[in-house]
Each structure stands twice: as structure tokens, then as C-alpha cells.
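Asker:
There are 2 protein chains.
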Amino acid sequence: MQGQYKALWLDKDNNLEVLDQRVLPFEETTVTITNTQETIEAIKNMTVRGAGIIGNVAGFGVYLACRESNGDIEKLIYLAEQIRESRPTAVNLMWAVDRMMETLLNSDLHDLELTQELLEEAIKIADEDCMRTEKIAQYGADIIEEIMLNREIDTFDILTHCNAGWLAIVDSGTALAPIYEAKKRGINIHVWVDETRPRNQGANLTAWELSKAGVEHTVIADNTGGHLMQNHMVDMVITGADRVARNGDSANKIGTYLKALSAKDNNIPFYIALPSSTFDFTTLDGVRDIPIEIRSENEVKYMRGMDSDGEIKEFQIVQSQSPALNYGFDVTPARLITGLLTERGVCDANVDAISEMFEDLI
Amino acid sequence: MQGQYKALWLDKDNNLEVLDQRVLPFEETTVTITNTQETIEAIKNMTVRGAGIIGNVAGFGVYLACRESNGDIEKLIYLAEQIRESRPTAVNLMWAVDRMMETLLNSDLHDLELTQELLEEAIKIADEDCMRTEKIAQYGADIIEEIMLNREIDTFDILTHCNAGWLAIVDSGTALAPIYEAKKRGINIHVWVDETRPRNQGANLTAWELSKAGVEHTVIADNTGGHLMQNHMVDMVITGADRVARNGDSANKIGTYLKALSAKDNNIPFYIALPSSTFDFTTLDGVRDIPIEIRSENEVKYMRGMDSDGEIKEFQIVQSQSPALNYGFDVTPARLITGLLTERGVCDANVDAISEMFEDLI
Numbered sequence: 001m002q003g004q005y006k007a008l009w010l011d012k013d014n015n016l017e018v019l020d021q022r023v024l025p026f027e028e029t030t031v032t033i034t035n036t037q038e039t040i041e042a043i044k045n046m047t048v049r050g051a052g053i054i055g056n057v058a059g060f061g062v063y064l065a066c067r068e069s070n071g072d073i074e075k076l077i078y079l080a081e082q083i084r085e086s087r088p089t090a091v092n093l094m095w096a097v098d099r100m101m102e103t104l105l106n107s108d109l110h111d112l113e114l115t116q117e118l119l120e121e122a123i124k125i126a127d128e129d130c131m132r133t134e135k136i137a138q139y140g141a142d143i144i145e146e147i148m149l150n151r152e153i154d155t156f157d158i159l160t161h162c163n164a165g166w167l168a169i170v171d172s173g174t175a176l177a178p179i180y181e182a183k184k185r186g187i188n189i190h191v192w193v194d195e196t197r198p199r200n201q202g203a204n205l206t207a208w209e210l211s212k213a214g215v216e217h218t219v220i221a222d223n224t225g226g227h228l229m230q231n232h233m234v235d236m237v238i239t240g241a242d243r244v245a246r247n248g249d250s251a252n253k254i255g256t257y258l259k260a261l262s263a264k265d266n267n268i269p270f271y272i273a274l275p276s277s278t279f280d281f282t283t284l285d286g287v288r289d290i291p292i293e294i295r296s297e298n299e300v301k302y303m304r305g306m307d308s309d310g311e312i313k314e315f316q317i318v319q320s321q322s323p324a325l326n327y328g329f330d331v332t333p334a335r336l337i338t339g340l341l342t343e344r345g346v347c348d349a350n351v352d353a354i355s356e357m358f359e360d361l362i
Numbered sequence: 001m002q003g004q005y006k007a008l009w010l011d012k013d014n015n016l017e018v019l020d021q022r023v024l025p026f027e028e029t030t031v032t033i034t035n036t037q038e039t040i041e042a043i044k045n046m047t048v049r050g051a052g053i054i055g056n057v058a059g060f061g062v063y064l065a066c067r068e069s070n071g072d073i074e075k076l077i078y079l080a081e082q083i084r085e086s087r088p089t090a091v092n093l094m095w096a097v098d099r100m101m102e103t104l105l106n107s108d109l110h111d112l113e114l115t116q117e118l119l120e121e122a123i124k125i126a127d128e129d130c131m132r133t134e135k136i137a138q139y140g141a142d143i144i145e146e147i148m149l150n151r152e153i154d155t156f157d158i159l160t161h162c163n164a165g166w167l168a169i170v171d172s173g174t175a176l177a178p179i180y181e182a183k184k185r186g187i188n189i190h191v192w193v194d195e196t197r198p199r200n201q202g203a204n205l206t207a208w209e210l211s212k213a214g215v216e217h218t219v220i221a222d223n224t225g226g227h228l229m230q231n232h233m234v235d236m237v238i239t240g241a242d243r244v245a246r247n248g249d250s251a252n253k254i255g256t257y258l259k260a261l262s263a264k265d266n267n268i269p270f271y272i273a274l275p276s277s278t279f280d281f282t283t284l285d286g287v288r289d290i291p292i293e294i295r296s297e298n299e300v301k302y303m304r305g306m307d308s309d310g311e312i313k314e315f316q317i318v319q320s321q322s323p324a325l326n327y328g329f330d331v332t333p334a335r336l337i338t339g340l341l342t343e344r345g346v347c348d349a350n351v352d353a354i355s356e357m358f359e360d361l362i
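Residue numbers (the numbering used here), protein chains in the order written: chain Y, 1 to 362; chain P, 1 to 362.
#1: Around the C-beta of L167 of chain Y, are 16 or more other C-beta atoms found within 10 angstroms, so that it is buried, or is it exposed?
#2: For D235 of chain Y versus F156 of chain Y, is the C-beta distance shorter than 8 Å?
#3: Consult DSSP for I294 of chain P and reduce its assignment to one of helix, strand or coil.
#4: Can you name the residues of chain P whose CB is closer than 7 Å to the CB of S250 of chain Y?
#5: Would you mind telling me which residues of chain Y sit closer than 7 Å to I254 of chain P, beta carbon to beta carbon, in chain order?
#6: Under 7 Å Cβ-Cβ, which residues of chain P neighbour G305 of chain Y?
#7: Determine the closest residue to N247 of chain P out of P:N223, P:T278, P:V237 and P:T283, with distance taken between C-alpha atoms.
#8: Residue range of the beta strand (DSSP E) that V318 of chain Y falls in?
#9: Cα-Cα, which of Y:A141, Y:N150, Y:Y327 and Y:E68 is closest to E158 of chain Y?
#10: Might you give, ordered along the chain, the residues of its own chain that have their beta carbon closer than 6 Å to the beta carbon of I220 of chain Y, omitting 5 neighbours on each side?
#11: Work out the CA separation of A96 of chain Y and I53 of chain Y for me, nearest whole Å.
#12: Would you say L114 of chain P lies against chain Y (beta-carbon separation less than 8 Å)?
#13: Could you list which residues in chain Y have their beta carbon closer than 9 Å to that of S211 of chain P, in chain order?
#14: Name, please, each residue of chain Y whose Cβ falls closer than 7 Å to the Cβ of A207 of chain P.
#15: Consider the Cβ of G3 of chain Y: report whether some Cβ of chain P lies at a distance smaller than 8 Å.
#16: So, with DSSP's three-state summary, where would you put D194 of chain Y?
#17: Work out the CA separation of G339 of chain Y and E28 of chain P for me, nearest whole Å.
#18: Would N326 of chain P and S296 of chain P be called neighbours here (beta carbons separated by less than 8 Å)?
#19: Which of the three DSSP states, helix, strand or coil, is assigned to K253 of chain Y?
#20: Just the Cα atoms here: how many angstroms apart are L59 of chain P and F329 of chain P?
#21: Does the Cβ of M131 of chain Y have 16 or more other Cβ atoms within 10 Å, making it buried, or fewer, making it exposed?
#22: Residues of chain P with CB under 8 Å from I337 of chain Y, in chain order?
#23: What residues in the stretch 276-296 of chain Y bring their beta carbon closer than 9 Å to a beta carbon of chain P?
#24: Could you give the DSSP three-state label for A177 of chain P: helix, strand or coil?
#25: Any beta-carbon of chain P closer than 8 Å to the one on T218 of chain Y?
#26: Which ranges would you report for the beta strand (DSSP E) in the stretch 91-179 of chain P if only whole runs of at least 3 residues count?
#27: Per DSSP, which one or two residues make a beta bridge with C66 of chain Y?
#28: Would you list the one or two residues that DSSP bridges to T47 of chain P?
#29: As a quick exercise: from P:N14, P:K212, P:P178 and P:N45, pick the residue whose alpha carbon is nearest that of T34 of chain P.
#30: Give the single residue among P:G61, P:P25, P:L24 and P:Y78 whose Cα lies nearest to the Cα of E41 of chain P.
#31: Answer yes or no: do A177 of chain Y and D249 of chain Y have a C-beta to C-beta separation smaller than 8 Å?
#32: For S69 of chain Y, which residues in the same chain have their Cβ closer than 6 Å to its Cβ, ignoring the five residues on either side in sequence?
#33: Let me see if you follow: with CB-CB separation under 8 Å, is L76 of chain P close to chain Y or not?
#34: Between the stretch 285-302 of chain P and the stretch 108-121 of chain P, are three or more C-beta pairs nearer than 8 Å?
#35: Buried or exposed: where does T32 of chain P fall if 16 or more other Cβ atoms within 10 Å of its Cβ makes it buried?
#36: Closer than 8 Å by beta-carbon distance: list the chain P residues that pair up with R246 of chain Y, in chain order.
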């Protein structure tokens, strides 16, 4: 699979190489992951982030753990569990580790053969994600075309929060996949990119991805979307998700809920784009039961940027004597979601529709 | 009035000195304003900001313009008009300039005597604001006490957006005035401080003010308030306003509307605190008609912070090839506002209640 994906690939020694998302857009560097510890660190410190990529890295992480365990299955199970627990909100992470463990436990192979089998399974997980994003791209672009036909507008303005592009989900993302596809179809697309505090994934990653792809876009403070929607400057909101419950409640980057409220208040369609691996069918009520990760207050109090000498540095932006609190996600209630944009088509955000469309996976 | 207020005062030569709000919280320095041009610059570049302080500075600015005009009334009228137009959303600015001009046009004094009279009028404007904030403090703290009695909670959690403390309105602010008063009354207050992108007035100014006053507080990303409200961690939201229309629609720092939506969705009281000078009785429909200032995209793309050597610097946080758009304010529709907290008491946010309570001013 070398070179096949954009955000992660295998090197000649079958180590995992990933784009270091912490230093984009000012630097494009890679990090090589060779073992369990490095896998966990890359997930925890957000070298890699985004529901899909975390799942993929976790999948490859179990393969690396197997290589590291030298046939000691108990050690391998222990290491896989460590990977599984590295970030609490990311359901793809758990899903991918569980699937890798199932492969392991169903296999009668040992040592090198087993390692090879796990490598193939990790590649399969990523390949399947790839195919799903292609479907999401098509269904999403169809919706955009439909709305444009009904409204006779020249430029279609989409607002997105955080990054759910190819840096987040191989191979063209979830929320951004329909945008890339719409552009291919010749639609004039313009994207409002939420900065996405505190880690600025919108300003750092989404803006970078969109400019690489030549998609017209404008960065805005997270505070701005409400005003834009109130003033008819947004035709649709699409975000990704980190976990979607059986009832359609959707956990995504903190702040998504506020944009959903505003979309509802202004009758603007609000879509969550996700591959089916992001569903957590065992969680029945998302607002009540999805655990929300609290990350370090330093992500609020410090920021990375480029000084006037072109040097990338950490800067302090909140005085030391003030504490900060950093919830990583919030949960958007299903009632605010126009539809879930999945590889099987658009699904209403409620338990009946989800149960029907994904019956075989539940 | 030397030394009476905290954010601005007169020096021995009757020049205006103001705290430079652009470099807080890391540096406490002052800027001396001696003429019209410096007045306009201080307002435009946000050395001073906040509805009340802008009005006060504009008042003193007209006095400085008079001093500068050497008895040339036409020149003075021209300079006053320049001050009046320095920021479009700030109604107190226009109100203060108009009041100063009324004093001027009703006066039969000339030269030095006229200058002295305008100085006294500017001081009077600030003194009146002072008295209003004291009333707002009392009425606001009464509401807090009432809610606490009904709900039997130990700590009262208030969320605020931007800065509406004494850096914004002499002498203890609007939104923060009830907080300071509640603390005086012995209530356990904790404040969620929205960072307030793009200029970070919450992180830079509100957190600094609150820590100076020993008020417990926590800085959060602007994205976080929805999650906190959904999870019963906020008892009340109070913000200031830059302009409130006859129908109660309230313009305030961009992002206020999103917090109001979230408060409504979670049944949390949402108050706008304002002195009556912030009303714009001639604007009947705020959402439709309040003009919203667009500021430089560089306020989104660059940020000020302290590097690891303790140096305060500007650094770039959005890649150069991505444009940004920077609306300074949004308008919260009256239907989302629990009450307008004014020096005359709490007023319902609708045209009838406002017309009744402020009949003499309309």
C-alpha cells in the first residue's frame, strides 16, 4: 500500500509513516511509528487525529504490537488494550482494535505469518475506509447539486468545523469528501473554515487541505458562523463525527453543537458525514452516555504559530494565574441533524432509521 | 477626576491617559491621548474598546478637538464627526459625540471657557456611566441571589463572552458588575470566561480583571459553552452589548448569538447588561438594521502572545494563502434574551417594555 494514501503509509521496513499534523500548515514533516509506545504517543499527542486516521493508525498499531511481542500472545493482548484506551471519545479507534483482535483470535497462524496476517487486516481496514469515503463523496455531492437546482444559486457556501478531510479519514475524508467531489463536478464551491479552537484544526489543517486542492475558502473565528447563517451566507453545514450513537446523537469536535443550533435556528441543512465504523451502536443515548475527553489546559493556554523570523514556536496566550478547561468534544443532539451522510446513503438521525439501514452491523 | 476611574483618567495637563488594552495581560502600560487623531487611532486600533469606554474616550476626544481647534467651530464640528465615525457598531460612541455637540451648540461660551465646559461635560458622561454600573451591579446581584435561593446551589456559575468589565465600562462594567457585587455579598461565584476570538478579550482582559479582583474563573475556548450548558455547569449567562435596538435585539461581540441559542436550548437565563446609553432607540429591528463592522482579516490570521523568553510578539496562525473574514459583532434576537439588565432595573427584551421603561429618553 506504499504511497496509496496521503496521510499515512508504510515504509520499506513496513513501519508506519504518518504526516505530522501538529506542525501543519507551516511545516510538512513525517513521523515514523515502529512500535506500540510510538503508536499510543502519536494518537495521544495528536501527531495523527481525526476519527478515521486514528482508527487506521490503531489498526497498524496492533500489527506493530504483534511484531514487537515475538509470539507472546498475552503481551500482544495487553499492548492492544493500551492502544484501545489511548483516546476515550474515538470510537473508530476501539472498533479497529477490536477488529484486529478478532482476526488475531480467529487465526491459527503464529509468529511471522500472524504478523503478516495482521498487517493485511490493517491495510484492509484502511482500504475499506477509502471506499466508504468515495461513496460519501458521491451521496454528499448529489445533495449539493439538488439544493443548487432548487435555489438557483451560483456559488454554494458550505461551513465546516474542525477537519474531516483526508488528514482525518483516508482517502478524501468525510465532511470534505463531498466538497472535493462537487468541485470535480464543476460546482462553484466556497467553504467557511471554522478556526476550531483550541487546536485550530480548521485553520491549520482544513485550510491547508483546501488550498492544496484549489478549493475556494475563507477562515473564520469559531464565533462567526451564527452571524453568517443569520445573514444567508451559508447554504449547508457539514462536519465529521468522532462517535455517533444509536439514536443519532453525534460527538464531534467541541463547538459543533453550537453550529448545529444556529443551523436549526436559520433553517440551514446540517449534515454529519461518517463511515459506518464511526457508529457506536451500543450507546443508545449519545448526549447522556458518550464519554467526553478532557484534554490538557495547555492546549487552551498555549498556541503554536510562526514568528516574524519564520520560526515556529509555542506562545502563551492566557496568563499563568488563570486556569483553563479543555473539553475535546461535544454531542449534537439528533434533533438538530438534517441527516447522517454515510457510505450507504443519507440516513435520518434517529434510532429507527439507523437500525434499519445498518441492521447487519448491529 | 484624576485617579477616579481605572481604565482612563486625566493627567496634570488634562490630556487623557488610558490603559493600553492591546498588551494586557502580559504588560500594563498606558497611552496618552492629546488630540483628535490620537483619539480616533486609540478607538480604531483598540487601545481602548468596550461600549462604555469608547463613549467616554469619544467624549474626552471632543474636548481635545475643541482645544485643538483654537475657537474654529467649523473645524471642531468636522473633527467631532471624524470621531463619531471611527467605529460603526458602537452606539455609545455616537451618543457621546452627539451629547458633546449639543453642549457645544447650546453654549454661548468661547475659546478657553468652551474648552473647559466640554471637559466638564465629558467628565459628567463618565460619572453618569459610573452611577449606572453601580445600579446594574445591584439589580444583577439581586437576580443571582434569587436564583440561588430557589435552586439551593453552593457555587453560582456564570458564563460571559468578551469583556464587559471595568476595562469596557467605567467603573465596574456591565456584565461583570453583578459578579463583583455578588462577591461582595459573600456569594461563591465562578465565571466561565470565553476566550473570545479573534481578539481574545475574554482570555486577555476578563481573566485579568477577575484575577485582580480575586474572582474564581476558568478560561474556555469559545466552542465550549454549549457543552457546559448541556451538562448543567452554567447557571446564568451575562454579556454586555455594543448596541441594543428598540425591539431588544442586541449587538455584541461576535459569538454572543451562539451562546444565546445554547442558553435557550438548555433553559438557562441569558441576560444582556447595558447602561441606557447603549440603546439605539431609532433602530427598530436590530437583526435587520444594526450595521456590523468588518475588521481586518489580520486579527484572525495573527495573534499576540508571549514566547518562551517572555517576549510579547505577534505570530502568524493562519497560512498566508488562506483569506479570513472578521465580523466584529453579531446580533442576538430579542426572543433569546431573558432580560435586559439596566440601571433602571430588568427590562423585558421587547419594544413595549423598552418603550415603557425608557419613555423619557426616546
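Note that CB positions come from ideal geometry on N, CA and C, so glycine has one too.
Answerer: To lay it out plainly:
#1: buried
#2: yes
#3: strand
#4: Chain P residues near S250 of chain Y: none, gap ~13 Å exceeds 7 Å.
#5: A221, N223, T224 and H227
#6: M303, F315, Q316 and I317
#7: P:T283
#8: Per DSSP, V318 of chain Y belongs to no beta strand (DSSP E) and is neither H nor E.
#9: Sequence inspection shows Ile at residue 158 of chain Y; the Glu mentioned does not correspond to that position. Among Y:A141, Y:N150, Y:Y327 and Y:E68, the Cα nearest to that of I158 of chain Y belongs to Y:A141.
#10: W192
#11: 10 Å
#12: no
#13: Q319, Q321 and S322
#14: V318, Q319 and S322
#15: Below a pLDDT of 50, predicted positions are generally treated as unreliable, and G3 of chain Y, at 38, falls in that range; the measurement from the model is reported next regardless. Not closer than 8 Å to any Cβ of chain P, the Cβ of G3 of chain Y fails to qualify, so no.
#16: strand
#17: 51 Å
#18: yes
#19: strand
#20: Looking at the sequence itself, residue 59 of chain P is Gly, so the reference to Leu does not match. Roughly 23 Å separates the two Cα atoms.
#21: exposed
#22: The premise fails here: I337 of chain Y is roughly 14 Å from chain P at the closest Cβ pair, so nothing lies under 8 Å.
#23: V287 and I292
#24: helix
#25: yes
#26: 155-160
#27: According to DSSP, C66 of chain Y bridges with nothing at all.
#28: DSSP lists no partner for T47 of chain P.
#29: P:N14
#30: P:G61
#31: no
#32: K75 and L76
#33: no
#34: no
#35: exposed
#36: Here the premise fails: no neighbours, minimum Cβ distance about 19 Å.
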